[in-house]
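Structure, as structure tokens:
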Amino acid sequence: MLDETQRLSLFWRIFLLNAAVVTVAFALLMVGPFTVSTPVLLTEAMILSGVLVVMLVANAGLLRLGLAPLERLTRTMNTVDLLRPGHRLAVTGRSGIADLIRSFNTMLDRLEAERAASAARALSAQEAERQRIAQELHDEVGQTLTAVLLELKRVADHAPEPVAGEVRQVQETVRNGLDEIRRIARRLRPGVLEELGLSSALKSLAGEFSTAGLTVRRTIDGDLPALGKETELVLYRVAQESLTNTARHSGARQVTLKLTHRPRPRDVRAGESAGGEIELRLRDDGRGVAGAAEGAGIQGMRERALLIGADLTIGPAPGRGTEVLLRVPLGEEDQRGTEVLLRAPLGEEDQR
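The sequence shown maps to residues 1 to 352 in full-length UniProt numbering.
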């Protein structure tokens with residue numbers, strides 16, 4: 001009997017609840033010592049009103065109990081965010097409501113998987129395009145400006161002094177432009193990350209941003225485990241985007257960058273520690289986020305974190321400023337340094 005009740009649709013359950021309440025009230029009126037006069041006496045009106053109130057209260061309670069899962073489902077649908085995956089609604093209720101919740105959870109699984117796949121394809125295409133642009137900046141524009149510098153030097157060496165001084169000023173301007181192009185190319189394609197590893201890349205990145213009144217203090221663990229290429233790239237790009245946002249928007253004077261390895265407690269039965277996490281923390285002393293809407297830059301950081309199953313938290317720092325915290329769980333493949341296929345950078349021009 002219980003299984004048959006659970007298979008009833010929502011319509012029939014609500015109908016049967018109402019029918020039960022009306023039937024009970026009708027039976028009480030039929031078997032009870034109740035009479036209705038014409039016109040209705042005050043006592044009779046009070047009894048009928050009491051019965052009506054009881055019917056309404058019982059009906060409202062039963063409907064509230066039956067429709068409560070739908071209210072939770074509505075709240076979840078209004079607050080779900082695909083950039084913060086993993087939230088699922090507990091399957092409660094019976095028959096149609098439970099099926100609806102299960103279908104909603106399945107839909108979320110499919111949407112999150114499709115979003116992750118599409119984001120990976122988009123970021124991979126972006127990476128390829130940025131590498132191509134960086135290569136052309138280095139090979140084409142860089143070589144052209146180098147040739148211009150050599151020609152300006154030759155002209156300055158043979159020109160009379162007033163003209164030679166002006167040519168040297170032009171030469172210095174071109175040299176500054178060449179340095180800027182090389183800097184942009186390095187940010188588009190961080191060669192130091194591929195050649196020297198994550199620690200050296202973060203040190204170089206901190207040095208680039210320690211200018212124009214901004215001081216970057218870095219602390220990087222020396223016992224970092226071997227990481228996959230994708231994990232290293234995500235850590236580097238999140239740090240780069242965070243420092244870019246700090247320099248452009250926060251008005252901060254100081255930033256702390258910490259990269260630490262937090263191993264799991266040793267498993268006595270296994271005789272070794274496994275997994276753990278890599279934690280990247282950036283904290284500035286600027287104005288803070290102050291409830292500002294997340295822009296393309298932060299959304300790109302979240303999408304990138306999802307690609308490696310990392311958890312990204314952005315919020316106010318203790319005291320003042322903004323704190324960006326990226327926790328990257330380590331599996332066996334990360335411990336061995338296995339390379340993940342998806343690779344894509346987050347451009348410095350993305351805004352907070």
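Note that CB positions come from ideal geometry on N, CA and C, so glycine has one too.
For the beta strand (DSSP E) containing residue i, name the first residue and the last one.
{"i": "residue 277", "result": "277 to 284"}
{"i": "residue 220", "result": "215 to 220"}
{"i": "residue 353", "result": "Here the chain has residues from 1 to 352 only, and residue 353 is not among them."}
For residue i, collect the residues of the same chain with a Cβ closer than 6 Å to its Cβ; drop the 5 residues on either side in sequence, then sort them by chain order.
{"i": "residue 23", "result": "none"}
{"i": "residue 119", "result": "303"}
{"i": "residue 5", "result": "The predicted position of residue 5 is uncertain, since its pLDDT is 47 and thus under 50; a value taken from the coordinates is nonetheless stated next. Cβ neighbours of residue 5 beyond the five flanking positions: none."}
{"i": "residue 224", "result": "261"}
{"i": "residue 76", "result": "89"}
{"i": "residue 335", "result": "With a pLDDT of only 43 at residue 335, under 50, the local geometry of the prediction cannot be trusted, and the value read off the model is given with reservation. Closer than 6 Å at the Cβ level, and outside the excluded window around residue 335, lie 225."}
{"i": "residue 284", "result": "246, 250, 252, 255, 321, 322"}
{"i": "residue 98", "result": "91"}
{"i": "residue 317", "result": "283, 323"}
{"i": "residue 271", "result": "Note that residue 271 scores a pLDDT of 47, beneath 50, so its modelled location is shaky and nothing firm can be said."}
Take residue i and list the residues in its own chain whose beta-carbon comes closer than 8 Å to its own, dropping the five residues that flank it on each side.
{"i": "residue 338", "result": "Any reading at residue 338 needs caution, since the residue's pLDDT is 36, under 50, leaving its predicted position unreliable; the model's value is listed next. Excluding positions up to five away in sequence, the list reads 228."}
{"i": "residue 55", "result": "21, 22, 25"}
{"i": "residue 131", "result": "188, 189"}
{"i": "residue 88", "result": "105, 108"}
{"i": "residue 203", "result": "218, 220"}
Contact check, residue i vs residue j under 8 Å by CB: the rounded distance?
{"i": "residue 178", "j": "residue 146", "result": "7 Å"}
{"i": "residue 252", "j": "residue 286", "result": "3 Å"}
{"i": "residue 148", "j": "residue 167", "result": "Not confirmed; about 11 Å, so no contact."}
{"i": "residue 219", "j": "residue 258", "result": "5 Å"}
{"i": "residue 280", "j": "residue 239", "result": "6 Å"}
{"i": "residue 169", "j": "residue 153", "result": "That pair is no contact at about 13 Å."}
{"i": "residue 52", "j": "residue 17", "result": "Contact doesn't hold; Cβ gap of about 17 Å is too wide."}
{"i": "residue 328", "j": "residue 198", "result": "Actually they are not in contact, since the Cβ atoms of residue 328 and residue 198 sit about 11 Å apart, beyond 8 Å."}
{"i": "residue 330", "j": "residue 298", "result": "That pair is no contact at about 24 Å."}
{"i": "residue 310", "j": "residue 326", "result": "6 Å"}
Any beta carbon from chain B within less than 9 Å of residue i's own beta carbon?
{"i": "residue 130", "result": "The chain inventory of the structure shown lacks chain B, comprising one protein chain alone."}
What does residue i pair with, by DSSP beta-bridge criteria?
{"i": "residue 261", "result": "278"}
{"i": "residue 256", "result": "217, 283"}
{"i": "residue 119", "result": "Paired residues: none, contrary to the question."}
In terms of residue numbering, what span does the alpha helix (DSSP H) encompassing residue i cover?
{"i": "residue 148", "result": "142 to 158"}
{"i": "residue 163", "result": "161 to 188"}
{"i": "residue 248", "result": "Taken as a continuous stretch (DSSP letters only), residue 248 belongs to no alpha helix (DSSP H), as it is neither H nor E."}
{"i": "residue 192", "result": "191 to 196"}
Sorted by chain position, which residues of the same chain lie with C-beta nearer than 7 Å to residue i's C-beta, five sequence neighbours on each side aside?
{"i": "residue 247", "result": "209, 214"}
{"i": "residue 134", "result": "185, 188, 189"}
{"i": "residue 175", "result": "149"}
{"i": "residue 159", "result": "167"}
task: Please list the segments of the beta strand (DSSP E) lying wholly inside the segment 295 to 320, counting only runs of 3 or more residues, in order along the chain.
output: 311 to 316
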